[in-house]
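Chemist:
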Amino acid sequence: MIYQLYQQHIFPHLLNQVMQTPSLMDQRRELLLPVSGQVLEIGFGTGINLPFYQNIETLYALEPSAEIYQLAAQRVHESALQLQHVQARAEKLPFADASFDHIVSTWTLCSVDHLALALNELHRVLKPNGILHVVEHVEYQDNLALHYLQNIMTPIHKRLADGCHLNRDIEQALLQANFSFKEQHYFDATGIPKLAQRMFFARAQKRPTQSAIKSSTVTQ
Ligand SMILES: C[S@@+](CC[C@H](N)C(=O)[O-])C[C@H]1O[C@@H](n2cnc3c(N)ncnc32)[C@H](O)[C@@H]1O
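In the UniProt record's numbering, the protein residues as written are 1 to 220.
Here is the structure:
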């Protein structure tokens with residue numbers, strides 16, 4: 001009961017504040033600059049990315065939490081973008097194959113329950129030449145003590161922060177889901193607790209699947 005109250009009435013406001021940390025705002029601006037056309041944003045949250053989009057045809061704002069999306073209302077109202085709210089989870093996307101030119105995830109892949117399923121879905125709905133843009137906090141790979149602490153703290157952090165894992169290797173997960181990178185780098189964000197400071201910024205494309213390679217060989 002108290003936990004439910006926290007999740008529905010307190011956490012969305014905390015999220016809205018933390019996600020506006022200035023160093024994160026800078027990353028949003030840089031990540032979203034080349035995004036255009038038909039766009040899917042997963043884990044739209046409180047709509048903090050909205051002012052950074054340019055040249056968008058339609059933005060599909062996927063956000064499963066009604067309480068969190070409620071806090072996006074003002075930003076959605078003030079935005080000139082054509083926006084469609086989709087209340088669904090990244091693990092089961094209600095879109096046809098190859099629907100999107102660009103897909104965006106800013107600090108969402110840490111929170112999805114089933115990362116591999118969600119990435120398979122992103123792969124499915126992205127057009128063959130489409131681009132997936134991500135910025136995510138990730139596990140430390142060069143600091144065993146911090147990595148250990150991330151593992152220890154993740155079960156508690158998941159309870160406090162709506163399922164957020166501190167210890168995911170997003171780069172590896174994307175490679176396993178048949179993406180390849182056009183651009184990728186790591187950095188440490190300022191103004192964020194140490195255990196969530198290591199960030200992965202990347203733009204990825206679909207690697208052709210084996211069946212696609214076979215069919216293009218046959219038709220040549
Ligand atoms: C840390 S917040 C980030 C919000 C927003 N992307 C931002 O940059 O401010 C994670 C978001 O992912 C959403 N989320 C959690 N599980 C999800 C899932 N399975 N599919 C899509 N979104 C999910 C949460 O409701 C929350 O809005």
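Beta carbons: idealized from backbone N, C-alpha and C, even for Gly.
Just so it is clear, the structure is predicted and the values come from calculations on it, not from any experiment.
Of the choices His9, Ala173 and Ser36, whose alpha-carbon is the least far from that of Cys110?
Modeler: When only C-alpha atoms are compared, the closest one is Ala173.
Chemist: DSSP on Tyr53, reduced to helix/strand/coil?
Modeler: Note: Tyr53 maps to coil in three-state DSSP.
Chemist: Give a single yes or no on whether Pro64 has its beta carbon closer than 7 Å to a heavy atom of ligand 1.
Modeler: yes
Chemist: Whole-angstrom Cβ separation of Ile103 and Ile42, contact assumed at under 8 Å?
Modeler: 7 Å
Chemist: When DSSP labels each residue in this structure, what does Gln197 get in the three-state scheme?
Modeler: Per DSSP, reduced to three states, the secondary structure at Gln197 is coil, with no helix or strand assignment.
Chemist: Asn129: which of Ser180, Met25 and Phe44 sits nearest, CA to CA?
Modeler: The option with the nearest alpha carbon to Asn129 is Ser180.
Chemist: DSSP three-state call for Ala177: helix, strand or coil?
Modeler: coil
Chemist: Measure the C-alpha to C-alpha separation of Asp113 and Leu32 and round it to an integer number of angstroms.
Modeler: 25 Å
Chemist: Rounded to the nearest angstrom, what separates Gly191 and Gly45 at their Cα positions?
Modeler: Rounded to whole angstroms, Gly191 to Gly45 spans 20 Å at the Cα level.
Chemist: Given 7 Å as the limit, tell me if Ala118 has its C-beta closer than that to any heavy atom belonging to ligand 1.
Modeler: yes
Chemist: Pick out the complete beta strand (DSSP E) segments inside the region 91–178, 3 residues or longer, and give them in chain order.
Modeler: 100–106 and 126–137
Chemist: Name the residue from Ser105, Ala196 and Pro34 whose alpha carbon lies nearest to the alpha carbon of His165.
Modeler: Ala196
Chemist: For the beta strand (DSSP E) that Glu41 lies in, which residues bound it at each end?
Modeler: Gly37 to Ile42
Chemist: Using three-state DSSP, classify Arg203 as helix, strand or coil.
Modeler: Note: Arg203 maps to strand in three-state DSSP.
Chemist: Excluding sequence positions up to five away, which residues of its chain have a Cβ less than 7 Å from the Cβ of Ala177?
Modeler: Ala116, Leu119, Asn120 and His123
Chemist: Smallest Cα separation from Tyr186: which of Val18, Glu139 and Met1?
Modeler: Glu139
Chemist: With three or more C-beta pairs closer than 8 Å as the rule, is the region 84–94 touching the region 55–69?
Modeler: Contact holds: three or more Cβ-Cβ distances are below 8 Å.
Chemist: Between Phe95 and Val125, what straight-line distance do the alpha-carbon atoms span, to the nearest angstrom?
Modeler: 7 Å
Chemist: For Glu183, tell me which candidate among Tyr148, Ala204 and Asp26 has the shortest Cα-Cα distance.
Modeler: Ala204
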